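Asks:
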Amino acid sequence: MGNDEGLQGGDGDGPRGLAKGDGGGLAAWSHAALEMAETSVGWPLSPAEWREHWEWCREYIDREVVYRAGPREGGETHPPIPSKKPGGMYVWQFYLRRATYNSEFAHRLGLLFWDHFGPIYKRAPFQICACWPSGAPIGMAIVMAAYDMGVPINLFMARREPKHIGMDNWFDGHVELNLPVLMVDDAAASTEYMKVASARVQAKLRLPLHRCCFTVVNKVGFGFSKDAQHTENYLDNMLVSFFNMNNFCHTVRAFRERYGEEPKWTGIVQ
Amino acid sequence: MIDHSEDWEWCRQFIDHHCVLRTDRPLLIGPDGSLNTWQFYMPVATLNPQFMARIAAQFWHRFGGNFDTKPFQIAGAESGGVPVLNALQWFARNQGRDVNVFEVRKKAKAYGLKNWFEGRVLEGVPVMIVDDITASMRTLHTVAGRVRAVKLQVYPYAFAICSCRSWRENGFKVGEQPVNVTTLYRIDDFGMTPGEYVARYKQPPRFQGATV
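If you're matching them up, the sequences are chains A and B in order.
Residue numbering for the first sequence follows our numbering, beginning at 1 and increasing consecutively.
Residue numbering for the second sequence follows our numbering, beginning at 1001 and increasing consecutively.
(1) Where does the unbroken beta strand (DSSP E) through residue 244/A begin, and where does it stop?
(2) Going by other Cβ atoms of all chains shown within 10 Å of its Cβ, with 16 needed for buried, is residue 1081/B buried or exposed?
(3) Let me check understanding here. Comparing Cα to Cα, which of 1039/B, 1048/B, 1028/B and 1031/B lies closest to residue 274/A?
(4) Residues of the segment 49-65 of chain A in Cβ contact with chain B at a cutoff of 9 Å, in chain order, please.
(5) With a threshold of 9 Å between beta carbons, is residue 81/A in contact with chain B?
(6) Could you name the residues of the same chain whose beta carbon sits closer than 8 Å to that of residue 112/A, not counting the 5 residues immediately before and after it, in chain order?
(7) Once DSSP output is grouped into helix, strand and coil, what is the label at residue 1206/B?
(8) Chain B partners of residue 147/A, CB-CB under 8 Å?
(9) How big is the Cα-Cα spacing for residue 116/A and residue 212/A?
(10) Please report how far the alpha carbon of residue 192/A lies from the alpha carbon of residue 1167/B, in whole angstroms.
(11) Looking at chain B, which residues of the segment 153-169 of chain A have a Cβ within less than 7 Å of any of its Cβ atoms?
(12) For residue 1169/B, which residues from the same chain have a beta carbon less than 8 Å from its beta carbon, with the 5 sequence-adjacent residues on both sides left out?
(13) Counting pairs of beta carbons, one from the segment 133-151 of chain A and one from the segment 1028-1043 of chain B, are three or more of them closer than 8 Å?
(14) Closer than 8 Å is the cut-off here; do at least three beta carbon pairs connect the segment 1090-1107 of chain B with the segment 246-253 of chain A?
(15) For residue 1025/B, collect the residues of the same chain with a Cβ closer than 8 Å to its Cβ; drop the 5 residues on either side in sequence, then sort them by chain order.
(16) When the Cβ atoms of the segment 204-211 of chain A are set against those of the segment 173-191 of chain A, are three or more pairs found closer than 8 Å?
(17) Please go through the same chain and pick out, in chain order, the residues whose beta-carbon is closer than 8 Å to the beta-carbon of residue 1095/B, but skip the five residues on each side of it.
(18) Check distances from the C-beta atoms of the segment 1107-1141 of chain B to those of chain A and list, in chain order, the residues that come in under 7 Å.
(19) Counting only C-beta atoms, is residue 270/A closer than 9 Å to chain B at any point?
(20) Is DSSP giving residue 158/A helix, strand or coil here?
(21) In three-state terms, what does DSSP make of residue 97/A?
(22) Hey, residue 1150/B and residue 1129/B: beta-carbon distance below 9 Å or not?
(23) What residue from 1013/B, 1014/B and 1021/B has the CA that sits closest to residue 1210/B's CA?
(24) Would you say residue 1021/B reaches chain A, if we count a Cβ-Cβ gap shorter than 9 Å as a contact?
(25) DSSP puts residue 1173/B in a beta bridge; with which residues?
(26) Closer than 7 Å between beta carbons: that is the criterion. Which residues of the segment 193-207 of chain A meet it against chain B?
(27) With a cut-off of 9 Å, does the C-beta of residue 121/A fall near any C-beta of chain B?
(28) Output the residue ranges of the beta strand (DSSP E) runs that lie fully inside the segment 112-161 of chain A and measure 3 residues or longer, sorted by chain position.
(29) Give me, in chain order, the residues of the same chain whose beta-carbon lies closer than 6 Å to that of residue 305/A; leave out the 5 immediate sequence neighbours on both sides.
(30) May I ask you to check if the CB of residue 1084/B is nearer than 8 Å to at least one heavy atom of the ligand SAH?
(31) Rounded C-beta distance between residue 1046/B and residue 1132/B? I'm assuming under 8 Å.
(32) Nearest by alpha-carbon distance to residue 244/A: which of 225/A, 75/A, 85/A and 257/A is it?
(33) At a CB-CB cut-off below 9 Å, which residues of chain A make contact with residue 1068/B?
(34) Does any C-beta atom of chain B lie closer than 9 Å to the C-beta of residue 210/A?
(35) So which of 154/A, 95/A and 175/A has the shortest CA-CA distance to residue 265/A?
(36) At the 9 Å Cβ level, is residue 76/A part of the contact set with chain B, yes or no?
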């Protein structure tokens, strides 16, 4: 597509419609930048720092992200809510963007990500593909944390449907030609957005996937069937997640027992 | 007084070099179904932290004083506004400002809470609307209407990085309330045809966006 008549590709377009960018230069720079980052910004995290960031994020999700149906003290009741499947109801649901749009959560998530992936990136740089729409704030948290550390990394987005104008593109942003792709989303659960996006990255961009993929939450744990977590079907990717379902209170009662108060979201819900 | 002219020019060139897909003939489908010879692809810029650092610096230079006097929260339109939200919030935090942001969906979620907004929405805090690019201000206006529908106050300023028209300042009304729209760039700041680009830079355009 990039060589089609009439398209101005500059010096970069290949048959996949990708711009050449600075792929080789980016990889070389990343190594030097990572060495600097390691010595200059107190990264990686100490075990105590890691634990503090992880626990802060865990509790924030538990308090602000999980919808739990059930009665509250004082007479109020939060009803079950309609499920994706027609006729079904949820008594429990994540709203992870309530966390990923919080500046403190995003900051800590970025630190946790680079604590884990920094050494991996140093050995072999990669680029990030975040899945619209929920992966976008996570992808941004990753690259902005990298920016603060002086580490260059490329981010692009995988759409759920092609843009309906322009070039009808499935991907947004700049794609580096020579770097494997780390897929990023908010949760690894039953809906196969990440798997489908991964397939498109390989088929349309002809880029290899990184051996890892990343989600904030892996929706497995006690009481949650692995059938509900589609990435278990991936052939050769290792899912890295910071949280699973065992980290959160599944019921109002469990929340009360843990925190000594009723679950209550801040802000208005519309 | 901090001078952000270097940031402005750096970002202008970034957009001009990397974010505009130009064709010699009308091959690019427009929102109204017409065929065009140019198309902005702002995610090439808004997903780039170097670019967004400079945009955020200019934004907070313009609106930081307002925020410090009377805080606002920021709402972005799905989907182009999302990286703008995240970056503005990130760099605000680096400056010691804690700004709440949320996303306004194009349509309510079909299940669950059937919410229009993603993220926390704070009651009693005015809402500034932002987007990556605007043409007719229709998206900004729609988002403002959605915010107003839930009895939140719409901030009297809205922001977009770029206007597809020949203006940087414009406005609309939501109900009776005027909203002044500020953009950093207008279409005249760029070479929109291949000929204009080559005349300006003496080299062919280097669009960096994915076209698949």
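Heads up, the beta-carbon is just placed ideally off N, CA and C, and yes, glycines get one too.
Computed from a prediction, not measured in an experiment: that's the story for all the values here.
Replies: Taking the coordinates as given:
(1) The count along the first sequence starts at 1 and reaches residue 244/A at position 244. Unbroken beta strand (DSSP E) run through residue 244/A: 238-244.
(2) Position 81 of the second sequence, counting from 1, holds the residue named residue 1081/B. The Cβ neighbour count for residue 1081/B, taken over all protein chains shown within 10 Å, is at least 16; the residue is labelled buried.
(3) Because chain A in this structure spans residues 1 to 270, residue 274/A falls outside the shown range and cannot be described.
(4) Of all residues in the segment 49-65 of chain A, only 64 place a beta-carbon less than 9 Å from a beta-carbon of chain B.
(5) The residue labelled residue 81/A in the question sits at position 81 within the first sequence. For residue 81/A, the answer is yes, since a Cβ of chain B falls inside 9 Å of its Cβ.
(6) In the first sequence, the residue the question calls residue 112/A occupies position 112. The answer, listed in chain order, is 45, 50, 53, 54, 57 and 242.
(7) Against the second sequence, residue 1206/B aligns to sequence position 206. Residue state, collapsed to three classes: coil.
(8) In the first sequence, the residue the question calls residue 147/A occupies position 147. Under the 8 Å cutoff, chain B gives 1049, 1050 and 1053.
(9) Numbered from its first residue, the first sequence carries residue 116/A at position 116. Numbered from its first residue, the first sequence carries residue 212/A at position 212. Each residue's alpha carbon lies about 11 Å from the other.
(10) As a first step, residue 192/A is located in the first sequence; it is residue number 192 there, counting from the start. As a first step, residue 1167/B is located in the second sequence; it is residue number 167 there, counting from the start. Computed Cα separation, rounded: 43 Å.
(11) Those would be 155, 156, 157, 165, 166, 167 and 169, in chain order.
(12) Residue numbering aside, residue 1169/B sits at position 169 when the second sequence is read from its first letter. So the list reads 1180, 1181, 1182 and 1183, once near-sequence residues are dropped.
(13) Not touching, per the Cβ criterion.
(14) When Cβ pairs closer than 8 Å are counted between the two stretches, the segment 1090-1107 of chain B is seen not to touch the segment 246-253 of chain A, the count staying below three.
(15) The count along the second sequence starts at 1 and reaches residue 1025/B at position 25. Take residue 1025/B, set aside five residues on each side of it, and the residues of its chain with a beta-carbon closer than 8 Å to its own are 1037, in chain order.
(16) The segment 204-211 of chain A is in contact with the segment 173-191 of chain A.
(17) Within the second sequence, numbered from 1, the residue matching residue 1095/B stands at position 95. Cβ within range, chain order: 1060 and 1064.
(18) Within the segment 1107-1141 of chain B, the residues whose Cβ lies closer than 7 Å to some Cβ of chain A are 1111, 1112, 1113, 1115, 1116, 1117, 1118, 1119, 1120, 1121, 1122 and 1123, listed in chain order.
(19) By one-based count along the first sequence, residue 270/A stands at place 270. At a cut-off of 9 Å, the C-beta of residue 270/A has a neighbouring C-beta in chain B.
(20) Residue mapping note: residue 158/A aligns to position 158 of the first sequence, counting from 1. In the structure shown, residue 158/A sits in a strand (DSSP, three-state: E or B).
(21) Residue mapping note: residue 97/A aligns to position 97 of the first sequence, counting from 1. Residue 97/A falls in the helix class under three-state DSSP.
(22) For this step, residue 1150/B is matched to residue 150 along the second sequence. For this step, residue 1129/B is matched to residue 129 along the second sequence. No. Outside cutoff.
(23) Here residue 1210/B is taken as the residue at index 210 of the second sequence, counted from 1. Among 1013/B, 1014/B and 1021/B, the Cα nearest to that of residue 1210/B belongs to 1021/B.
(24) Along the second sequence, one-based indexing puts residue 1021/B at 21. Residue contact with chain A for residue 1021/B: present (Cβ-Cβ distance below 9 Å to some residue of chain A).
(25) One-based indexing of the second sequence puts residue 1173/B at position 173. Note: residue 1173/B sits in a beta bridge opposite 1178/B.
(26) Listed in sequence order: 204 and 205.
(27) For the purposes of this step, residue 121/A is identified with residue 121 of the first sequence, where counting begins at 1. False, the Cβ-Cβ gap to chain B never drops below 9 Å.
(28) Annotation: the segment 112-161 of chain A contains the following complete segments of the beta strand (DSSP E) (minimum length 3 residues), in chain order: 127-131 and 155-158.
(29) In the structure displayed, chain A extends from 1 to 270; residue 305/A sits before or after that span and is not available.
(30) You won't find the ligand SAH in this model; it holds no ligand whatsoever.
(31) Translated into positions along the second sequence, residue 1046/B becomes position 46. Translated into positions along the second sequence, residue 1132/B becomes position 132. Yes, residue 1046/B and residue 1132/B are in contact; Cβ-Cβ is about 5 Å, under 8 Å.
(32) Your numbering for residue 244/A matches position 244 in the first sequence. Of 225/A, 75/A, 85/A and 257/A, the residue nearest in Cα terms is 225/A.
(33) Locating residue 1068/B in the second sequence gives position 68, counting from the first residue. Within 9 Å Cβ-Cβ: nothing; residue 1068/B doesn't reach chain A, min ~16 Å.
(34) Translated into positions along the first sequence, residue 210/A becomes position 210. Interface residue (Cβ-Cβ distance to chain B less than 9 Å): residue 210/A is not classified as such.
(35) Residue 265/A sits at position 265 when you count from the first residue of the first sequence. When only C-alpha atoms are compared, the closest one is 95/A.
(36) Taking the first sequence and counting its residues from 1, the one referred to as residue 76/A is at position 76. For residue 76/A, the closest Cβ of chain B is not nearer than 9 Å.
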